[in-house]
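Step one of this worksheet: look at the structure below.
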Amino acid sequence: MREAIRTHQYSRRTEEAYIFWVRRYVVFHGKRHPSELGPPEVTSFLSDLAVRRQVSPSTQNQALSALLFLYRKVLRQEITGLDEIVRAKRSVRVPLVLSREEVTALLRCMHGVPALMAGLMYGSGLRLLECARLRVKDLDFSRREITVHDGKGRKDRRTMLPAPLVEPLRRHLARMEAQHAADLKAGHGTVALPGRLWRKYPSAESEWAWQWVFPATRLYTCRVTGRRRRHHLHESAVQRAFKDALRRAHIAKPASCHTLRHSFATHLLEAGYDIRTIQELLGHSDVSTTMIYTHVLNRGGRGVVSPLESPAPPEIAGPGPRGPIS
């Protein structure tokens, strides 16, 4: 299964997710080999996920995709009936968005590297993992651009580098370059490269351009090379800092780091930028995905004014001193 996934160059996270669901599927059916199973067993497994375990539609669809990959790419069995399995319909939800004032208050409550990363997620529309995986070469200060490599769906894109973050990022990189030099002097200083690039360019793993913009504070030992190196800062560290800042800023919304990306898109749309430009900055394949942000505009996305506001809004009496009338 792993060999087939890597042959098709799926991401490591997809690999782990598919392996997880295949294991669950095999255990669910008493550890029988998948070649002995078929569409009825796949259907019963997915039904159990939906009815008894009450997983989300996206989780159910991911499990189905893993099983389709197992039968078609690994077992080479084109069993009939799997195409008739109806994928769960995902709920269309309006994304949670913070106001500009809330974003300002939130960023003021963050400090250090998490503050820089939060600023990039809001100012550039980056996903958390995209931000954590930035390398030094991905930042172009002269053009004020950020290149995102292998984003969601293994797509590359360019987005803006906000002017207020240029100098803080330069100072941060100066400190990280000094740390990298110290690592090299101590016999460390290498970094994991994408794919098999380390075989093509053996010296690239120690070059400054390939180092993480936000490296971890601790070294780890690579299982393949046995070398001591740094991974990028783990996403959980930023998530914890974000939640702490959310509490200190007294923002009563169930926001997450991804909310900053939603806010980036919504605030650009409110400022009058066209939907196609925002689509490219976000890296969406389909403009319909970007269109979800029109639902959170102050005027409903279509400039509609509520009948309660115009032309002569009626007076609405609030609850009296004894509370609302039932």
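Numbering (my numbering), first residue to last: 13 to 338.
C-beta atoms are modelled at their ideal positions from N, C-alpha and C, and glycine is treated no differently.
query: Whose C-alpha, out of 61, 87, 88 and 84, is nearest the C-alpha of residue 75?
result: 61
- request: Count the other C-beta atoms from every protein chain shown that fall within 10 angstroms of the C-beta of residue 172, then say buried if there are 16 or more, exposed otherwise.
  value: exposed
- request: Determine which residues share a DSSP beta bridge with residue 227 and list them.
  value: 244
message: Using a Cβ-Cβ cutoff of less than 8 Å, which residues in the same chain neighbour residue 22 once the five nearest sequence positions on both sides are dropped?
response: 30
Buried/exposed call for residue 142, threshold 16 Cβ in 10 Å: It is buried - the Cβ of residue 142 has at least 16 other Cβ atoms within 10 Å.
query: Hey, which unbroken runs of the beta strand (DSSP E) at 3 residues or more fall wholly within the segment 127-182?
result: Taking 3 residues as the minimum length, the beta strand (DSSP E) runs contained wholly in the segment 127-182 are 157-160 and 169-172, in order along the chain.
- prompt: For the candidate residues 149, 137 and 203, whose alpha-carbon lies nearest to that of residue 244?
  reply: 203
message: Is it buried or exposed, residue 295, if we count other Cβ atoms within 10 angstroms and call 16 or more buried?
response: buried
field: Residues bridged to residue 232 [DSSP beta-bridge criterion]
entry: 241
- request: Could you check which residue in 148, 211 and 227 has the C-alpha nearest to that of residue 221?
  value: Across the set 148, 211 and 227, the C-alpha of 148 shows the shortest separation from the C-alpha of residue 221.
Assumed close pair residue 210, residue 216 - CB separation to whole angstroms, cut-off 8 Å: 7 Å
- prompt: What are the start and end residues of the alpha helix (DSSP H) that includes residue 60?
  reply: From DSSP, the alpha helix (DSSP H) with residue 60 extends over 51-63.
message: Restricting to runs no shorter than 4 residues, where is the alpha helix (DSSP H) found entirely within the segment 252-314?
response: Restricting attention to alpha helix (DSSP H) runs no shorter than 4 residues, the segment 252-314 encloses them at 269-282, 287-294 and 299-302, ordered along the chain.
field: DSSP three-state assignment for residue 92, whether helix, strand or coil
entry: Coil at residue 92, not helix or strand.
- request: Quick one: residues in its chain with C-beta nearer than 8 Å to the C-beta of residue 170, no 5 flanking neighbours on either side, listed in chain order?
  value: 157, 158, 159 and 160
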